[in-house]
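Novice: For reference, the structure I am asking about is given below.
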Amino acid sequence: MIRAQVIVRPRASIFDPQGDAVSRAIQSLGVPVKQAHVGKCIELEIEGDDAQAARAKLETICHELLSNPVIEDYVLTIENGAGKK
Amino acid sequence: MRWAVVRFPGSNCDQDAFHVLKNVLGQDVEYVWHKETSLGGADAIVLPGGFSYGDYLRTGAIARFSPIMNAVKAAADEGRVVMGICNGFQILCEAGLLPGVLIRNNNLHFRCETVNVRVENADSRFTGGLKAGQVLRIPIAHGEGNYVADEKTLDSLFANQQVIFTYSDGQGRASAESNPNGSARHIAGITNAAGNVLGMMPHPERASEAILGSADGLGIFESVLASYPAAAR
């Protein structure tokens, strides 16, 4: 079993309405937060043990489905020391 | 003329679009389930509004992989009209048939109201029967209608007359107050470079009969009809 994690974040150059609302909520609780960005964490379990082959496929999935490159960046992490993107 | 209204799981404006095409305009129209691989020879295609796949991941992100989308792309490549309304616009962006993407409204509100939509380009397949600068009263109903694209893309959309509709006040003037979602340069609807694929956030199918408060949207469907050769209509 291969375990992978994908973190999807809004690009810094794109206004993030959710992050803005969260940031204002935190400010109202007394913490002088300057910015917040709301992204997603997607955890995957994949059958098989060929992490390298899985990475190639997952990069495509990240690019085409899990994130939209117009507005988001992603970081793909695969367990078993396959390393970070 | 034959129309296809594509239904995804979560589409909810499919019946409205079907009704306008069939009962108001007397068109030959069929529903096509998203699992189908053929549009049955339809001349024009509507991707209706709704919440396909519950808007999971991003609006339109999962629907773009539905089997029917290959046929929609092929139809677009052949020059047939494809109209994406609201969620349909979001799907067309995710599918790469239109540039840019629609993100959360800048005010975080789900905006459900009738707005003023200014016709920017009256020389398109969707506005041939309308006038440039004309202001249409058409409802919106969305939480993610904030159009985003990089500056270069926005410049080229305007330069190539691909911006068909913008949000404005009743006099056709653009302002932050009349922009319901923070959309870049007040964009409400765009076409692809070839001009046969339209995406728009406002719902013309909800404003096509006077009894509904506005029939301003009907001119868009009528313009599409008039853009086809008389023999095909």
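Taken in sequence, the protein lines are chains G and D. Numbering-wise, this note's numbering puts 710 at position 78 of the first sequence, and it's gapless, one number per residue. Numbering-wise, this note's numbering puts 1207 at position 1 of the second sequence, and it's gapless, one number per residue. Ideal Cβ placement from N, Cα and C applies to all residues, glycine included. None of these values were measured; they are calculated from a predicted model.
Quick one: is G:G713 near chain D, going by C-beta distance under 8 Å?
Specialist: The pLDDT assigned to G:G713 is 48, lower than 50, so where the model puts this residue is not dependable, and the model offers no usable value.
Novice: Could you check what DSSP says for G:K717 in three-state terms: helix, strand or coil?
Specialist: Residue confidence for G:K717 is low, a pLDDT of 44 falling below 50, so the modelled location carries little weight; the figure read from the coordinates is stated next. In the structure shown, G:K717 sits in coil (DSSP, three-state: anything other than H, G, I, E or B).
Novice: Alpha carbon to alpha carbon, what distance is there between G:A686 and G:N765?
Specialist: Here chain G comprises residues numbered 633 to 717, so residue 765 of chain G is not present and cannot be evaluated.
Novice: Is the beta carbon of D:A1400 sitting closer than 8 Å to the one on D:N1366?
Specialist: No.
Novice: Three-state secondary structure (DSSP) at D:P1410?
Specialist: D:P1410: helix per DSSP, three-state reduction.
Novice: How many Å lie between D:T1333 and D:V1403 at the Cα?
Specialist: Rounded to the nearest angstrom, the two C-alpha atoms are 13 Å apart.
Novice: Would the segment 1423-1430 of chain D count as touching the segment 1311-1322 of chain D if we require 3 or more Cβ pairs under 8 Å?
Specialist: No: the two stretches stay apart, fewer than three of their Cβ pairs being nearer than 8 Å.
Novice: Between which two residues does the beta strand (DSSP E) carrying G:I674 extend?
Specialist: Unbroken beta strand (DSSP E) run through G:I674: 672-678.
Novice: Compare the Cα-Cα distances from D:R1412 to each of D:V1321, D:L1298, D:Q1377 and report the closest residue.
Specialist: Nearest option by C-alpha distance: D:V1321.
Novice: Closer than 8 Å by beta-carbon distance: list the chain D residues that pair up with G:Q650, in chain order.
Specialist: Residues of chain D passing the Cβ test: R1310, L1314.
Novice: For a contact defined as C-beta to C-beta under 7 Å, what are the partners of G:L690 on chain D?
Specialist: None at all; the shortest Cβ gap to chain D is about 15 Å.
Novice: Give me the Cα-Cα distance between D:L1227 and D:G1425, rounded to the nearest whole angstrom.
Specialist: Roughly 12 Å between the two C-alpha positions.
Novice: For G:L697, which residues in chain D fall below 8 Å Cβ to Cβ?
Specialist: Within chain D, the residues near G:L697 are L1263, A1267, I1268, F1271.
Novice: Can you find a CB in chain D that lies within less than 8 Å of the CB of G:V654?
Specialist: Answer no: the Cβ-Cβ gap between G:V654 and chain D never drops below 8 Å.
Novice: Could you tell me how far apart the beta carbons of D:E1236 and D:A1277 are, in whole angstroms, since I believe they sit closer than 8 Å?
Specialist: The pair is not a contact, with the Cβ atoms about 13 Å apart (cut-off 8 Å).
Novice: Take D:R1213 as the anchor and find which of D:S1362, D:L1231, D:T1243 has the nearest alpha-carbon.
Specialist: If we check each option's Cα against that of D:R1213, D:T1243 comes out closest.
Novice: Check the Cβ of G:I646 against every Cβ in chain D and list those closer than 8 Å, keeping chain order.
Specialist: Here the neighbours are I1309, V1354.
Novice: Return no unless some Cβ of chain G is closer than 8 Å to the Cβ of D:V1357.
Specialist: A small fix is needed here, since residue 1357 of chain D is Glu in this sequence, not Val. By this cut-off, D:E1357 is not an interface position.
Novice: Using only alpha-carbon positions, find the residue among D:Y1262, D:V1238, D:S1389 that is nearest to D:P1254.
Specialist: Minimum Cα distance to D:P1254 is reached at D:V1238.
Novice: Taking the beta carbon of D:Y1259 as the centre, do at least 16 other beta carbons fall within 10 Å, making it buried, or is it exposed?
Specialist: Buried: at least 16 other Cβ atoms inside 10 Å.
Novice: Where does G:V702 sit, in a helix, a strand or coil, going by DSSP?
Specialist: G:V702 falls in the coil class under three-state DSSP.
Novice: Any Cβ of chain D within less than 8 Å of the Cβ of G:I703?
Specialist: For G:I703, the answer is yes, since a Cβ of chain D falls inside 8 Å of its Cβ.
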